[in-house]
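So in full-length UniProt numbering, spot 523 of the sequence shown is number 523, and the numbers just go up one at a time. All C-beta atoms in this analysis are idealised placements derived from N, C-alpha and C, irrespective of residue type, glycine included.
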Amino acid sequence: MDGSLRALKTAPTERGVASIHPHSHRGVKPVLSFLISRLTVGVQALFRVGQRTNRLRTEQERFQQALARAQQSEEFYRAVFADAPLGMALTDTHSGRFREFNDRFSAIAGWTHEELSQLDWMAFTHPDDLQADCDHLARLRRGECDSFHMRKRYIRSDGSIAWVHLTLARVSLTVDQHPHHLALIEDITEHRETEERLRCITDLAHDAILMVDPAGAITYWNRAATTILGYSATEALGQNLHRLLAPERYLGAHHAAFPQFQRTGQGAAIGHTVELFAKHQDGREIAIELSLSAVALKDGWNAVGIIRDISARKRLEAALSASEERLRLALEASREGVWECDLSTDTAIANDQWFVQLGYAPNAIEPTCALWKRHIHPDDVEAVVRRLDDYLQERTPRYCSNYRIVTAAGERRWHRCTGTIVARDAHGQPVRLIGTNTDITEQRAAMEQVKAAHDRRKLAEEDLRAAKQAADDANLAKSAFLAHMAHELRTPLNAILGLAQVLERLALAPEPQALVQKMRLAGGAMLQIGNDILDLAKIEANQLGLAARPCRLSQVLTRLEALQGEAARAKVLRLEIAPLPALDGPPLCWPIRSGWSRSCSTW
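1) Just the C-alpha distance for residue 138 and residue 107, rounded to the nearest angstrom, thanks.
2) Taking just the CA atoms, how far does residue 578 sit from residue 557?
3) Exposed or buried, which one is residue 135 when buried takes at least 16 other CB atoms within 10 Å?
4) Roughly how many angstroms lie between the CA atoms of residue 121 and residue 98, to the nearest whole one?
5) Buried or exposed for residue 181, going by 16 or more other Cβ atoms inside 10 Å?
6) Using a threshold of 9 Å, state whether the C-beta atoms of residue 416 and residue 340 are closer than that.
7) Quick check: the Cα distance between residue 559 and residue 470, rounded to an integer number of angstroms?
8) Taking residue 393 as the reference, which of 411, 407, 429 has the closest Cα?
9) Can you tell which of 253, 283, 294 has its C-alpha closest to the C-alpha of residue 621?
10) Three or more C-beta pairs closer than 8 Å, one from the region 141-148 and one from the region 109-121: is that the case here?
11) With residue 573 as the anchor, note down where its beta strand (DSSP E) starts and where it stops.
12) In the DSSP assignment, find the unbroken beta strand (DSSP E) run with residue 341 in it and report its ends.
13) So for residue 280, helix, strand or coil by DSSP?
14) According to the Cβ coordinates, are residue 186 and residue 90 closer than 9 Å?
15) If you reduce the DSSP assignment to three classes, tell me which class residue 22 lands in.
16) Using only the alpha-carbon positions, how far apart do residue 503 and residue 474 sit?
17) Rounded to whole angstroms, what is the Cα-Cα separation between residue 240 and residue 162?
18) I believe residue 368 touches residue 346 by the beta-carbon criterion, under 8 Å. Please report the beta-carbon distance rounded to the nearest angstrom.
19) Taking residue 271 as the reference, which of 303, 330, 463, 514 has the closest Cα?
20) Classify residue 211 as buried or exposed, calling it buried when 16 or more other Cβ atoms lie within 10 Å of its own Cβ.
21) Rounded to a whole number of angstroms, what is the C-alpha to C-alpha distance between residue 59 and residue 53?
22) Let me make sure I understand the geometry here. Which of 300, 421, 154, 446 has the alpha-carbon closest to that of residue 434?
23) Here's a check: name, in chain order, each residue in its chain whose Cβ is nearer than 7 Å to the Cβ of residue 282, leaving out the five neighbours to either side.
24) How big is the Cα-Cα spacing for residue 549 and residue 589?
25) Between which two residues does the alpha helix (DSSP H) carrying residue 226 extend?
26) Would you say residue 310 and residue 287 are within 9 Å of each other, going by their C-beta atoms?
27) Considering only residues of the same chain and omitting the five flanking positions on each side of residue 489, which have a CB-CB separation below 6 Å?
28) Which of the three DSSP states, helix, strand or coil, is assigned to residue 320?
29) In this structure, how does DSSP classify residue 403 when only helix, strand and coil are distinguished?
30) Applying the 10 Å Cβ sphere with the 16-neighbour rule, what's the burial state of residue 337?
31) Return the first residue and the last residue of the alpha helix (DSSP H) that residue 263 is part of.
32) Alpha carbon to alpha carbon, how far is residue 36 from residue 13? Give it in angstroms, no decimals.
33) Based on the DSSP output, what are the partners of residue 286 in its beta bridges?
34) How many whole angstroms separate the CB atoms of residue 278 and residue 245, which I take to be in contact at a CB cut-off of 8 Å?
35) Which runs of the alpha helix (DSSP H) at least 4 residues long sit entirely within the region 479-558? Give them in chain order.
36) Can you grab the Cα-Cα spacing for the pair residue 84 / residue 103, in whole Å?
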């Protein structure tokens with residue numbers, strides 16, 4: 001049998017299956033041939049089954065490997081999804097419901113898993129951010145973008161606000177024919193609070209704070225910038241800084257230097273404070289102090305500028321400069337020597353006049369306290385030093401000393417030195433003095449002349465007092481004489497008046513009668529003169545009292561005409577009494593002497 005099988009060969013059959021044909025034994029029975037053919041078919045079938053089994057085993061191994069990789073990938077995905085530092089959520093694009101989300105998403109959003117499973121993202125989005133979020137999502141649905149980023153607010157279950165940075169991207173996952181997207185959120189609440197604090201700080205700052213991107217456009221503009229430069233944030237943001245604010249004379253230098261800043265963040269003004277001018281919104285130029293810094297961000301080198309309005313300071317500096325110039329001119333005109341002395345180092349600074357006062361050319365020698373002392377007259381050094389020490393030890397409230405100095409040329413001059421303490425050390429001891437030296441030589445000479453003139457005046461005053469006393473004595477003697485003479489005249493006058501009164505009573509002719517009346521009136525006037533002399537004596541003795549009483553002015557004037565009319569006519573003069581003026585009431589006079597009138601011999 002084995003020998004026969006080795007002699008067999010395969011040949012194709014009608015069914016395409018190999019058959020065994022014996023070559024050496026043609027007399028084998030048909031049954032044996034049939035069995036052999038079937039055995040061959042079985043062997044071939046077993047061979048094919050083995051091949052298929054091997055292929056299935058290989059496919060199974062591949063499937064198991066793929067399954068293992070899938071399980072590993074799923075585990076990795078689960079681990080990444082669950083342990084990611086960002087909040088992650090798979091969301092139905094149409095309904096907004098969450099298909100899956102991690103713990104971090106729940107913690108940031110502030111809702112539990114059970115609550116989020118019943119909500120869509122719109123339910124806890126802040127109303128002020130909802131429209132912007134919907135607009136971005138609509139663009140995503142229309143295929144205008146594959147993802148978008150935005151800052152938004154979530155309202156947590158406890159009512160607090162969570163600020164997040166949202167990144168939303170389309171994913172190739174369709175469940176129940178609904179597309180989905182992946183949402184990534186980062187909690188930026190603290191960052192936002194920091195930004196708000198920084199914004200509050202910058203808004204409360206009195207200096208303008210600006211930020212410029214690599215293209216030169218303004219990206220930050222605080223409230224003080226509006227106050228200083230006039231433009232609102234809406235007007236300024238996005239504008240080119242130099243076109244908006246720089247005067248035209250600065251633009252050439254800017255265009256030359258800006259490319260270097262864009263490449264390296266370096267520039268002549270970076271890290272420095274410079275003073276220049278900026279254009280205000282109203283067109284005027286204002287003086288500013290600009291501090292520039294460079295900061296590297298994702299888009300390149302940005303510049304941060306702090307602008308301080310120094311217009312008021314410039315005006316004050318100009319006023320101070322003008323004041324200093326006026327003071328300098330005043331000091332030059334007054335020829336005051338101004339000095340400042342450091343007691344701890346014995347050094348000093350002084351103006352030109354100080355050197356001139358000591359006989360030197362300006363700045364020809366180093367000014368020191370010792371140099372000043374060397375020029376004090378030897379007889380005055382002790383007193384000057386004592387006065388200065390009393391002031392430094394607070395025994396006197398101020399320092400002022402007059403003394404003689406000897407100039408470099410040997411000339412003696414008088415100086416007045418005044419000073420005040422302007423600085424003390426940690427122990428309260430004076431270390432710096434400032435003061436002035438005044439040359440009072442001419443003033444001293446003038447004072448001596450004034451003193452001499454004063455002495456002469458005192459002597460003259462004494463002489464005047466003596467002369468006045470003599471005049472007073474003579475005046476008293478005169479008054480006494482006049483009073484005595486008045487008394488002496490009254491006796492004969494009384495006799496004359498008595499005789500005139502007797503004659504008036506006689507029946508005389510009209511003409512003699514008129515003469516007698518005039519004689520009586522003249523005698524009365526003479527008596528009045530005597531009374532007046534006595535009154536003058538009383539006035540000089542401060543003993544006369546006056547009592548004004550109503551009187552008739554017409555009577556006074558008639559008496560005056562009777563006494564003086566003839567004398568006036570004798571001198572070819574006319575004494576005319578005008579009509580009495582209209583008076584509101586009777587005039588007041590001194591009745592006893594109201595008729596007094598003195599004849600003037602020079603008429």
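From the atom records:
1) The count along the sequence shown starts at 1 and reaches residue 138 at position 138. The count along the sequence shown starts at 1 and reaches residue 107 at position 107. Between residue 138 and residue 107, the C-alpha separation is close to 27 Å.
2) Looking up residue 557 in the sequence shown gives position 557. Looking up residue 578 in the sequence shown gives position 578. So the two alpha carbons sit approximately 10 Å from each other.
3) Here residue 135 is taken as the residue at index 135 of the sequence shown, counted from 1. Under this definition residue 135 is an exposed residue.
4) On the sequence shown, residue 121 is found 121 positions in, with the first residue counted as 1. On the sequence shown, residue 98 is found 98 positions in, with the first residue counted as 1. Straight-line Cα distance between these residues: approximately 8 Å.
5) Within the sequence shown, the letter at position 181 stands for residue 181. It is buried - the Cβ of residue 181 has at least 16 other Cβ atoms within 10 Å.
6) Within the sequence shown, numbered from 1, the residue matching residue 416 stands at position 416. Within the sequence shown, numbered from 1, the residue matching residue 340 stands at position 340. Cβ distance not < 9 Å, so residue 416 and residue 340 don't count as in contact.
7) The sequence position of residue 559 within the sequence shown is 559, counting from 1. The sequence position of residue 470 within the sequence shown is 470, counting from 1. Residue 559 and residue 470: Cα-Cα distance of roughly 41 Å.
8) Here residue 393 is taken as the residue at index 393 of the sequence shown, counted from 1. Residue 429 is the option with its Cα nearest to residue 393.
9) Any property of residue 621 remains undetermined from this structure, which presents the chain solely from 1 to 603.
10) no
11) Within the sequence shown, the letter at position 573 stands for residue 573. That residue, residue 573, is in no beta strand (DSSP E); it is neither H nor E in DSSP.
12) For this step, residue 341 is matched to residue 341 along the sequence shown. 336-342 is the extent of the beta strand (DSSP E) around residue 341.
13) Looking up residue 280 in the sequence shown gives position 280. Residue 280 falls in the coil class under three-state DSSP.
14) Locating residue 186 in the sequence shown gives position 186, where the first residue counts as 1. Locating residue 90 in the sequence shown gives position 90, where the first residue counts as 1. Not in contact: residue 186 and residue 90 (Cβ atoms no closer than 9 Å).
15) Mapped onto the sequence shown, residue 22 falls at position 22. Note that residue 22 scores a pLDDT of 46, beneath 50, so its modelled location is shaky and nothing firm can be said.
16) Along the sequence shown, read from residue 1 onward, the residue named residue 503 stands at position 503. Along the sequence shown, read from residue 1 onward, the residue named residue 474 stands at position 474. If you take the alpha carbons of residue 503 and residue 474, they lie about 43 Å apart.
17) By 1-based counting over the sequence shown, the position of residue 240 is 240. By 1-based counting over the sequence shown, the position of residue 162 is 162. Their Cα atoms are separated by approximately 35 Å.
18) To locate residue 368, count along the sequence shown from 1; it is residue 368. To locate residue 346, count along the sequence shown from 1; it is residue 346. 5 Å between Cβ atoms; contact.
19) Taking the first residue of the sequence shown as 1, we reach residue 271 at position 271. Residue 303 is the option with its Cα nearest to residue 271.
20) Position 211 of the sequence shown, counting from 1, holds the residue named residue 211. Counting Cβ neighbours within 10 Å, residue 211 comes out buried, since at least 16 surround it.
21) By one-based count along the sequence shown, residue 59 stands at place 59. By one-based count along the sequence shown, residue 53 stands at place 53. Going by the C-alpha atoms only, they are around 10 Å apart.
22) Sequence index remark: in the sequence shown, residue 434 carries index 434 (1-based). It is 421.
23) Counting from one through the sequence shown, the residue named residue 282 turns up at place 282. For residue 282, where only same-chain residues beyond five positions count, the Cβ hits under 7 Å are 230.
24) Reading the sequence shown from its first residue, position 549 is the one you call residue 549. Reading the sequence shown from its first residue, position 589 is the one you call residue 589. In a straight line, the C-alpha of residue 549 is about 5 Å away from that of residue 589.
25) Within the sequence shown, numbered from 1, the residue matching residue 226 stands at position 226. First-last of the alpha helix (DSSP H) with residue 226: 223-229.
26) Locating residue 310 in the sequence shown gives position 310, where the first residue counts as 1. Locating residue 287 in the sequence shown gives position 287, where the first residue counts as 1. Taking 9 Å as the Cβ cut-off, residue 310 and residue 287 qualify as a contacting pair.
27) For the purposes of this step, residue 489 is taken as residue 489 along the sequence shown, with counting starting at 1. 530, listed in sequence order.
28) For the purposes of this step, residue 320 is taken as the residue at position 320 of the sequence shown. Correct three-state label for residue 320: helix.
29) If you number the sequence shown from 1, residue 403 lands on position 403. It is a strand residue.
30) As a position in the sequence shown, residue 337 is number 337, starting the count at 1. Label assigned to residue 337: buried.
31) Position 263 of the sequence shown, counting from 1, holds the residue named residue 263. Taken as a continuous stretch (DSSP letters only), the alpha helix (DSSP H) holding residue 263 covers 248-264.
32) Counting from 1 along the sequence shown, the entry for residue 13 is found at position 13. Counting from 1 along the sequence shown, the entry for residue 36 is found at position 36. Confidence at residue 13 is low in this model, with a pLDDT of 42, below 50, so its placement is unreliable and the value that follows should be read with caution. The alpha-carbon atoms of residue 13 and residue 36 are separated by roughly 14 Å.
33) Locating residue 286 in the sequence shown gives position 286, counting from the first residue. Beta-bridge analysis with DSSP links residue 286 to 278.
34) Along the sequence shown, one-based indexing puts residue 278 at 278. Along the sequence shown, one-based indexing puts residue 245 at 245. Yes, residue 278 and residue 245 are in contact; Cβ-Cβ is about 5 Å, under 8 Å.
35) Runs of the alpha helix (DSSP H) spanning 4 or more residues and lying entirely within the region 479-558 occur at 510-540, in chain order.
36) Residue numbering aside, residue 84 sits at position 84 when the sequence shown is read from its first letter. Residue numbering aside, residue 103 sits at position 103 when the sequence shown is read from its first letter. Between residue 84 and residue 103, the C-alpha separation is close to 9 Å.
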